[in-house]
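Remarks on the structure that follows.
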Amino acid sequence: MRNLNHAAIEPYISTPRLDAYRHFFNPVDDVALLGAYQWNKEVAGAFFPLLQTLEITLRNAIHGEASKLWGQAWFDNVQTKARPTPAQQRHTRQHGVNISKARQALGRRASPDRIVAMQTLGFWTNLFNEVFDVNGQPRALWPTLLQPVFPHATRVHRQRDPIRRSLVKIQRFRNRAFHHEPLWKHRHPANPHQAIQNLLDMVHDVAELIGWISTDTTAYLRAAGYIENLNRVISVDHLNYLQTPGNDSLPLAQARRTLRKLVSSSPGIQDITRRGERVARLIT
Numbered sequence: 000m001r002n003l004n005h006a007a008i009e010p011y012i013s014t015p016r017l018d019a020y021r022h023f024f025n026p027v028d029d030v031a032l033l034g035a036y037q038w039n040k041e042v043a044g045a046f047f048p049l050l051q052t053l054e055i056t057l058r059n060a061i062h063g064e065a066s067k068l069w070g071q072a073w074f075d076n077v078q079t080k081a082r083p084t085p086a087q088q089r090h091t092r093q094h095g096v097n098i099s100k101a102r103q104a105l106g107r108r109a110s111p112d113r114i115v116a117m118q119t120l121g122f123w124t125n126l127f128n129e130v131f132d133v134n135g136q137p138r139a140l141w142p143t144l145l146q147p148v149f150p151h152a153t154r155v156h157r158q159r160d161p162i163r164r165s166l167v168k169i170q171r172f173r174n175r176a177f178h179h180e181p182l183w184k185h186r187h188p189a190n191p192h193q194a195i196q197n198l199l200d201m202v203h204d205v206a207e208l209i210g211w212i213s214t215d216t217t218a219y220l221r222a223a224g225y226i227e228n229l230n231r232v233i234s235v236d237h238l239n240y241l242q243t244p245g246n247d248s249l250p251l252a253q254a255r256r257t258l259r260k261l262v263s264s265s266p267g268i269q270d271i272t273r274r275g276e277r278v279a280r281l282i283t
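Following my numbering, the numbering of the sequence shown begins with 0 at its first residue and continues without gaps.
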């Protein structure tokens, strides 16, 4: 990284974009600046499995439970409030537009499963609006589906509006990640340490919401190392490591965690690699 021509790279990232990193991270040089930029990329990449899992898990949970009650094309006849406000009517119209666009794009291949598969997280978030919450109506999504879709949420947490607020927050974060925007700006932190805590809070919030739907899915995310990887990347240690390339030693805290993990793993031979190459072998 120190041998790169940083001045030649900057125009292709854009000076205004990098200036945001300069002002927030106060890097000592261009190497540290590019390290902070790389850190944001790694955070975004580490978040992708978690965000993707939430979107798919929520989609399949709602579609599965709604199909049991109202058939696979349940989305064509969703019960809404009898006298919606103008703001609520916008949510109803948006629902219809999303379904129509998917059906038109699919043409003859249109089927309930394919139409549902084309919907984004924004579609599912929109369904948690108050206009779809109608007590006593047999075809209303909420509160009918709250318990079957979120079977592992406590009664306090199993409420439509708090879930909606969480989804809105996560959707905005997801859009920021997918549009290549700085994730550390989430919740307007005052400094890098606060940014890191905000990002870790987001990890918790997304994982918790997935767990309310399926504890097995959360267990899978942990077993696959996705959450552990997020905790590794979203750390002062890793940010400092990327801002000071060329130092072949890991930060002490990170090295201790890595060694503990290796020692506590199943007996066998563990290869220790650096930049894809084996540098040591540990027999446990």
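Glycine included, C-beta positions come from ideal geometry on N, C-alpha and C. All of these numbers come straight from a predicted model, not from anything done at the bench.
Classification of residue i by the beta-carbon crowding that lies within 10 angstroms, buried from 16 upward
i	result
D75	exposed
N4	exposed
R274	Residue placement at R274 is flagged as unreliable, the pLDDT there being 48, under the threshold of 50; the coordinate-derived value follows with that caveat. The residue is exposed, with fewer than 16 neighbouring Cβ atoms inside 10 Å.
G224	exposed
D160	exposed
D200	exposed
G70	exposed
S13	exposed
Q193	exposed
L144	buried
Q242	buried
R163	buried
L32	buried
V235	exposed
L68	exposed
V289	Only positions 0 to 283 of the chain appear in the structure, and residue 289 is not among them; the question remains open.
Neighbourhood of residue i by C-beta, 7 Å cutoff - its chain only, sequence neighbours within 5 removed
i	result
L120	E54, Q170 and R173
N125	H90, Q93 and H94
E9	L17
W73	A65 and S66
Q146	R157
N228	A45
H62	V115
Cβ neighbours of residue i in the same chain (closer than 6 Å, five flanking residues each side left out)
i	result
A60	V148 and I212
I83	Note that residue 83 is Pro in the sequence shown here, rather than Ile. Excluding residues within five positions, the ones whose Cβ falls inside 6 Å are V130.
L105	R113
A101	I114 and M117
D132	W141 and R159
Given residue i as reference, the closest of the options once Cα atoms are compared
i	options	result
H179	V30, A7 and Q37	Q37
A152	I209, R256 and V42	I209
H240	N25, P15, V30 and L50	According to the sequence provided, residue 240 is Tyr. The question's His does not apply to it. The shortest C-alpha separation from Y240 is found at V30.
D215	P244, V167, P150 and L105	P150
R21	V77, P111, P191 and L49	P191
A35	L68, L238, R163 and K168	L238
A222	S110, V77 and L49	L49
V167	V205, P188, W141 and T217	V205
R231	T243, R256 and T217	R256
H187	V155, A7 and A19	A19
I98	P244, V235 and Q118	Q118
H185	F23, T217, V155 and L140	F23
F122	Q51, N2 and V96	V96
N25	L220, A189 and D236	A189
S165	A6, P85, L57 and P15	L57
Same chain only: Cβ atoms within 8 Å of residue i, ignoring 5 sequence neighbours per side
i	result
L182	N39, V42, A43, F46, F172, R175, A176 and L198
Q87	T79, K80, N128, E129 and V130
I233	V42, A45, I195, L198, L199 and V202
I226	L49, V202, A206 and L220
A109	A101 and R102
Proximity test, Cβ basis, 8 Å: residue i and chain D
i	result
G106	In the structure shown, chain D does not exist; there is a single protein chain.
4 or more residues per run - each alpha helix (DSSP H) lying fully within the segment 127–181:
Runs of the alpha helix (DSSP H) lying entirely within the segment 127–181, each at least 4 residues long, are 145–148 and 159–177 in chain order.
Which whole runs of the alpha helix (DSSP H) in the segment 184–243 are 4 residues long or more, in chain order?
191–212, 214–222, 225–232 and 235–242
Within the segment 86–135, note down every full alpha helix (DSSP H) run reaching 4 residues or more, in order along the chain.
The segment 86–135 contains these whole alpha helix (DSSP H) runs: 111–116 and 120–125.
Mind pulling the beta strand (DSSP E) runs of 3 or more residues that sit fully within the segment 38–80?
none
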